[in-house]
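Asks: Note that the numbering used here gives residue 114 to position 133 of the first sequence, counting from 1, and the numbers run on in steps of one. Cβ coordinates follow ideal geometry from the N, Cα and C atoms, glycine included.
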Amino acid sequence: MWVGVDAAYDSVHALVAAAAVAWNPDDRLVVERHTAVAIQPAAYVPGRFAEREAAVAVAALRALHARPALVMCDGHGRAHPQRWGMACEIASLTGWPTIGCAKSLLCGRHDPVGPARGDCAELKLDGKVVGRVVRTQTNVRPVYVSVGGFLELDAAVQMILRATPCFRIPEPLRLAHQFARLALARVLASS
DNA sequence: GCGACAG
DNA sequence: ATCTTGTCGC
C-alpha cells in the first residue's frame, strides 16, 4: 500500500489542511484516507518547505492503520541544497520509506529528457546524483523524483511509473491534493 | 555581487 | 500555494 500526502492552504484564516491517501497499486483503489488541520503554518521559504508542511503532513500520516510500503511527498527529498528536503524530514519523523515527487526543479542540473513516458535523466548536484527527472506521460512535462529515506532511487522511479497510469502526477498525490482541498473547504464552511 | 528559488 | 468553468484540441 502506497500513500500520497499533500496540503492545501488558506491565507485568510491562516489554516493548513493535510491529507494522506493510501492507494493499492495492484487494483488502483483507495484503501484509506485521513486529514489533519493546523493553524498559522510557517511562511513559505524556498529550501525550508518542510518547516511549513511536514508537521501537518505527518499528523495526517499517523492516522493510517497500516504501515505504508511507500510515502510519496509533494516536493523534493535529497534533491535539495542541503540534501534534506521535506521527504527526508518526513522519513526521519516516521521511519517510513519516502520519496519526493516535485513538479519543478529546486536545484541541480540534468540533461534533456526524452519525450516518451518512462524516459529519464539523472539529476545531479555538485557532481552527485541526487534524483531523477522522469517523464511520466509522453509529451508532458517531467517530474523530479528523489529519495526521502529508506529506499533506493531506482525503486522510487519504478513506483512513480506504476503510480502514473494516466496522469503526470502519481495517483496517490493527485488524490491527496484533492482531498486536502476538500478537507480545507469543509473546515472553512463549518466555522 | 546577482539571480534563482519545492509549495 | 492560490484566484477559477467551461471550453478548445490532440
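1) Return the CA-CA distance between threonine 145 and valine 121, expressed in angstroms with no decimal places.
2) Are there three or more Cβ pairs, one per stretch, closer than 8 Å when the segment 53 to 73 is compared with the segment 8 to 26?
3) Is arginine 90 helix, strand or coil when you go by DSSP?
4) Give the secondary structure of histidine 46 by DSSP, where H, G and I count as helix, E and B as strand, and everything else as coil.
5) Near alanine 47, what residues of its chain come up, given a Cβ to Cβ distance below 7 Å and the 5 sequence neighbours on each side ignored?
6) Does the distance from the CB of valine 126 to the CB of cysteine 82 come in under 9 Å?
7) Per DSSP, which one or two residues make a beta bridge with methionine 67?
8) So, is proline 119 buried or exposed, given that buried needs 16 or more other C-beta atoms within 10 angstroms?
9) Is it buried or exposed for glycine 58, if we count other Cβ within 10 angstroms and need 16 for buried?
10) Tell me whether the beta-carbon of leucine 42 lies closer than 9 Å to the beta-carbon of threonine 75.
11) Counting along the chain, where does the beta strand (DSSP E) carrying valine -7 start and finish?
12) Can you grab the Cα-Cα spacing for the pair histidine 15 / valine 39, in whole Å?
13) Any idea if isoleucine 141 is buried or exposed, counting beta-carbon neighbours within 10 angstroms, 16 or more meaning buried?
14) Note down the Cα distance separating threonine 79 from phenylalanine 131, rounded to an integer number of angstroms.
Replies: Walking through what the data contain:
1) 12 Å
2) No: the two stretches stay apart, fewer than three of their Cβ pairs being nearer than 8 Å.
3) strand
4) coil
5) Met(-18)
6) At the C-beta level, valine 126 and cysteine 82 come within 9 Å of one another.
7) Partner(s): none; methionine 67 has no beta bridge.
8) The identity of residue 119 in the sequence shown is threonine, whereas the question assumes proline. It is exposed - the Cβ of threonine 119 has fewer than 16 other Cβ atoms within 10 Å.
9) buried
10) Less than 9 Å separates the beta-carbon of leucine 42 from that of threonine 75.
11) From DSSP, valine -7 is part of no beta strand (DSSP E); its letter is neither H nor E.
12) Distance between histidine 15 and valine 39, taken at the CA atoms: about 11 Å.
13) buried
14) 7 Å
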